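*Asks:*
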Amino acid sequence: MKLKHPPSSSSQTLTSTASSHDATLLVRETLRISADLASAPPSPSVSAERRPEMASFGLNDRQFVDSSLRLLCCEEIDGRRWKYFADESVNCGSQPLKKNAIRAVSLQSPQAPVEEFMGFIRSYVVPEGFPGSVTPSYVPYMTWRALKHFFGGAMGVFTTQTLLNSVGVSKHRATPGAIAINWILKDGAGRVGKMLYARQGKKFDYDLKQLRFAGDLLMELGAGVELVTAVVPQFFLPLACAANVAKNVGAVTSTSTRTPIYKAFAKGENIGDVTAKGECVGNLADLLGTGLSIMIAKRNPSLVKTFALLSFGYVFSSYQEVKSVVLHTLNRARFTVAVESFLRTGRVPTLQDGNSRENIFSFPWKKHRPIVLGPRFREAFQDPNSYLAVKPIFEKEQYIVSYNPFKGNIYVLLKDQAKSDDVLKAAFHGHVLLHIIRSSTDKQSSSRKQREDELSASLLSTADLQAHVIESYKMVSALYMPFKSKAKEQVKRNLPLNDTISDRSFFFLNFKQAKT
Numbered sequence: 001m002k003l004k005h006p007p008s009s010s011s012q013t014l015t016s017t018a019s020s021h022d023a024t025l026l027v028r029e030t031l032r033i034s035a036d037l038a039s040a041p042p043s044p045s046v047s048a049e050r051r052p053e054m055a056s057f058g059l060n061d062r063q064f065v066d067s068s069l070r071l072l073c074c075e076e077i078d079g080r081r082w083k084y085f086a087d088e089s090v091n092c093g094s095q096p097l098k099k100n101a102i103r104a105v106s107l108q109s110p111q112a113p114v115e116e117f118m119g120f121i122r123s124y125v126v127p128e129g130f131p132g133s134v135t136p137s138y139v140p141y142m143t144w145r146a147l148k149h150f151f152g153g154a155m156g157v158f159t160t161q162t163l164l165n166s167v168g169v170s171k172h173r174a175t176p177g178a179i180a181i182n183w184i185l186k187d188g189a190g191r192v193g194k195m196l197y198a199r200q201g202k203k204f205d206y207d208l209k210q211l212r213f214a215g216d217l218l219m220e221l222g223a224g225v226e227l228v229t230a231v232v233p234q235f236f237l238p239l240a241c242a243a244n245v246a247k248n249v250g251a252v253t254s255t256s257t258r259t260p261i262y263k264a265f266a267k268g269e270n271i272g273d274v275t276a277k278g279e280c281v282g283n284l285a286d287l288l289g290t291g292l293s294i295m296i297a298k299r300n301p302s303l304v305k306t307f308a309l310l311s312f313g314y315v316f317s318s319y320q321e322v323k324s325v326v327l328h329t330l331n332r333a334r335f336t337v338a339v340e341s342f343l344r345t346g347r348v349p350t351l352q353d354g355n356s357r358e359n360i361f362s363f364p365w366k367k368h369r370p371i372v373l374g375p376r377f378r379e380a381f382q383d384p385n386s387y388l389a390v391k392p393i394f395e396k397e398q399y400i401v402s403y404n405p406f407k408g409n410i411y412v413l414l415k416d417q418a419k420s421d422d423v424l425k426a427a428f429h430g431h432v433l434l435h436i437i438r439s440s441t442d443k444q445s446s447s448r449k450q451r452e453d454e455l456s457a458s459l460l461s462t463a464d465l466q467a468h469v470i471e472s473y474k475m476v477s478a479l480y481m482p483f484k485s486k487a488k489e490q491v492k493r494n495l496p497l498n499d500t501i502s503d504r505s506f507f508f509l510n511f512k513q514a515k516t
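So in UniProt numbering, spot 4 of the sequence shown is number 4, and the numbers just go up one at a time.
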């Protein structure tokens with residue numbers, strides 16, 4: 001609400017600002033109406049038909065202002081403004097003003113129907129206060145999300161039609177009871193798969209981009225299997241069950257990763273509003289895709305070509321959707337991007353740059369990684385001598401970093417007293433050691449794959465390994481705090497003013513519980 005001092009000194013101090021245009025408008029209107037009243041003969045009053053709430057509040061659609069009205073205050077709601085006046089003509093002596101003595105004057109001209117319609121649409125698809133209430137990455141994310149749901153809704157028409165034909169609904173090859181049992185078994189298998197996949201737990205938090213994209217791939221796989229039932233309808237039940245399991249697993253992934261993504265877009269306490277509008281956009285796009293697909297299906301297009309086109313659009317939109325998300329925390333993939341950039345250039349990439357360079361195909365179940373976090377002791381050391389060689393170096397640390405030349409991996413082990421900062425430092429140390437070993441094996445190679453192959457093939461002696469570990473320890477002692485400070489600075493630039501960040505909320509890594 002905006003409140004301003006009225007021009008008259010006798011007015012109550014209620015308002016703070018008002019435009020000169022509004023004041024000029026009121027003066028002109030007052031002079032015009034006063035002249036009309038002086039020249040026009042008296043006419044019987046015609047009571048206009050008003051809504052009950054307007055009548056009780058004295059709402060005046062016309063901007064009527066005369067000498068008997070005293071300005072009370074100005075009001076602004078969603079860009080629309082009003083001025084409220086007290087009608088002193090209905091005041092009897094020293095008695096207080098009556099309830100219907102307040103008049104409201106609208107200060108804006110009526111909107112065009114197109115503008116009113118667009119405002120109505122915006123109230124359903126964008127959060128209140130947009131664009132200031134969300135981060136800049138919200139618009140590209142919602143654009144790709146809408147396209148993904150459009151292709152998904154269109155594909156759903158063809159898959160459902162195929163399933164119904166395969167189960168025997170259209171050709172009456174089965175009794176209604178058998179059809180119902182097959183359909184129920186199909187849905188039941190999907191629910192079982194959903195429950196089994198829910199045990200992934202915390203992976204939905206720190207690898208949500210990778211899991212979200214993997215879930216969409218499973219949705220497409222399930223849709224493809226459903227289409228196969230048209231070729232072999234006698235195998236409807238096993239194929240439909242497998243397809244429904246895949247699609248339900250994808251649905252669990254989408255639901256579980258939804259809140260962290262919307263939280264990254266929200267500025268302030270408006271996560272609920274952002275979530276509601278995001279789901280509305282998805283549902284609207286899904287309905288549009290479904291309607292278009294129904295019209296296309298009447299022409300009996302090629303099922304294979306149609307599925308290939310819609311599937312490509314769905315997967316491409318899904319990839320761009322997760323790539324457009326800018327998260328404020330470092331998971332394993334984004335941490336790798338940040339450390340490698342810091343070791344090469346001395347700078348930590350911005351949140352936007354780091355998120356855009358994140359490898360979406362680095363799925364959490366991938367086994368072949370150059371750095372293994374939280375391994376078992378026997379995985380990290382091939383013999384007692386290799387452990388005894390590096391143990392004294394890490395006496396003051398809550399972790400141990402080692403390299404197994406036979407497996408070609410860096411192993412990062414945690415001690416039982418390790419805290420959040422120790423976890424971050426241990427992971428940083430692992431990347432520093434990997435950087436040193438890669439540089440020593442082949443300084444000329446620029447191909448990552450070639451470097452990893454040569455790293456796996458090289459066998460370091462215990463003395464060489466100890467020398468590399470000592471060198472990495474010195475580098476970590478000098479570089480860790482500057483890296484941590486620069487990384488946090490990049491995050492704080494994108495956080496709301498009142499938000500703070502801790503080591504635990506800043507960094508997510510999938511460490512196993514094995515500690516030494």
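Even for Gly, the Cβ is constructed at its ideal location relative to N, Cα and C.
As the structure is a prediction and not an experimental result, all values here were calculated from the model.
If you follow the alpha helix (DSSP H) that phenylalanine 394 is in, where does it begin and where does it stop?
*Replies:* It is not in any alpha helix (DSSP H) - phenylalanine 394 carries neither H nor E in the DSSP assignment.
*Asks:* Buried or exposed, going by whether 16 or more other CB atoms sit within 10 Å of the CB of glutamine 234?
*Replies:* An exposed status is given to glutamine 234, since fewer than 16 other beta-carbon atoms sit within 10 Å of its beta-carbon.
*Asks:* Alpha carbon to alpha carbon, how far is proline 375 from glutamine 490?
*Replies:* Distance from the CA atom of proline 375 to the CA atom of glutamine 490, rounded to whole angstroms, is 31 Å.
*Asks:* Between asparagine 359 and glutamine 382, which are expected to be in contact by the criterion C-beta below 8 Å, what is the C-beta distance as a whole number of angstroms?
*Replies:* So it is not a contact: roughly 29 Å between Cβ atoms.
*Asks:* For leucine 147, write down the residues that DSSP places opposite it in a beta bridge.
*Replies:* Beta-bridge pairing links leucine 147 to no other residue.
*Asks:* Return helix, strand or coil for asparagine 404, following the three-state DSSP convention.
*Replies:* strand
*Asks:* Residue ranges of each alpha helix (DSSP H) run of no fewer than 4 residues wholly in the stretch 196-272, ordered along the chain?
*Replies:* For secondary structure counted as the alpha helix (DSSP H) over 4 or more consecutive residues, the stretch 196-272 holds these complete runs in sequence order: 203-206, 208-228, 236-265.
*Asks:* Helix, strand or coil: how does DSSP classify leucine 433 here?
*Replies:* Taken through DSSP and simplified to helix, strand or coil, leucine 433 comes out as helix.
*Asks:* On the DSSP letters alone, give me the boundaries of the alpha helix (DSSP H) that asparagine 409 sits inside.
*Replies:* First-last for asparagine 409: 409-414, but that is the beta strand (DSSP E), not the alpha helix (DSSP H).
*Asks:* Per DSSP, which residues does tryptophan 365 bridge with? Please list them.
*Replies:* DSSP lists no partner for tryptophan 365.
*Asks:* So, with DSSP's three-state summary, where would you put phenylalanine 381?
*Replies:* Secondary structure at phenylalanine 381: coil, using DSSP grouped into helix, strand and coil.
*Asks:* At the level of alpha carbons, what is the spacing between aspartate 61 and glycine 132?
*Replies:* With a pLDDT of only 43 at aspartate 61, under the threshold of 50, the placement of this residue in the model should not be trusted, and no figure is reported.
*Asks:* Residues in the same chain with beta-carbon distance under 7 Å from valine 281, minus the five sequence neighbours each way, listed in chain order, please.
*Replies:* Val125, Met142, Arg145, Ala146
*Asks:* From what residue to what residue does the beta strand (DSSP E) around isoleucine 371 run?
*Replies:* 371-373
*Asks:* Please classify glutamine 12 as buried or exposed, where buried requires at least 16 neighbouring CB atoms within 10 angstroms.
*Replies:* Because the pLDDT at glutamine 12 is just 36, under 50, the model does not fix this residue reliably, and the point stays unresolved.
*Asks:* Do the CB positions of isoleucine 472 and valine 432 come within less than 8 Å of each other?
*Replies:* Residue identity differs from the one stated: residue 472 is serine in this sequence, not isoleucine. Result yes, Cβ atoms of serine 472 and valine 432 sit closer than 8 Å.
*Asks:* Among the candidates Gly291, Lys425, Leu72, whose CA atom is the shortest distance from the CA of phenylalanine 85?
*Replies:* When each option's Cα is compared against that of phenylalanine 85, the closest is Leu72.
*Asks:* Look at the Cβ atom of asparagine 244, then the Cβ atom of aspartate 187, and state whether they are nearer than 8 Å.
*Replies:* yes
*Asks:* Buried or exposed: phenylalanine 361, going by 16 or more other Cβ atoms within 10 Å of its Cβ?
*Replies:* Burial call: exposed.
*Asks:* Between Leu434, Ile436, Ala251, Asp464, which lies nearest to valine 390 when the distance is taken from Cα to Cα?
*Replies:* Asp464
*Asks:* Verify whether the separation of the beta carbon atoms of lysine 148 and tyrosine 314 is less than 8 Å.
*Replies:* yes
*Asks:* In the DSSP assignment, find the alpha helix (DSSP H) that holds phenylalanine 130 and state where it starts and stops.
*Replies:* No alpha helix (DSSP H) contains phenylalanine 130, which DSSP labels as neither H nor E.
*Asks:* By the 10 Å Cβ neighbour count, where 16 or more other Cβ atoms means buried, how is phenylalanine 158 classified, buried or exposed?
*Replies:* That one is buried.
*Asks:* Would you mind giving the Cβ-Cβ distance between tyrosine 138 and phenylalanine 265, rounded to the nearest angstrom? I have them listed as a contact below 8 Å.
*Replies:* 4 Å
*Asks:* Among Glu220, Thr275, Ala276, Ile296, which residue has its Cα nearest to the Cα of glutamine 249?
*Replies:* It should be pointed out that residue 249 corresponds to valine in this sequence rather than to glutamine. It is Glu220.
*Asks:* Pull up the distance between the alpha-carbon of tryptophan 82 and that of methionine 118, whole angstroms please.
*Replies:* 22 Å
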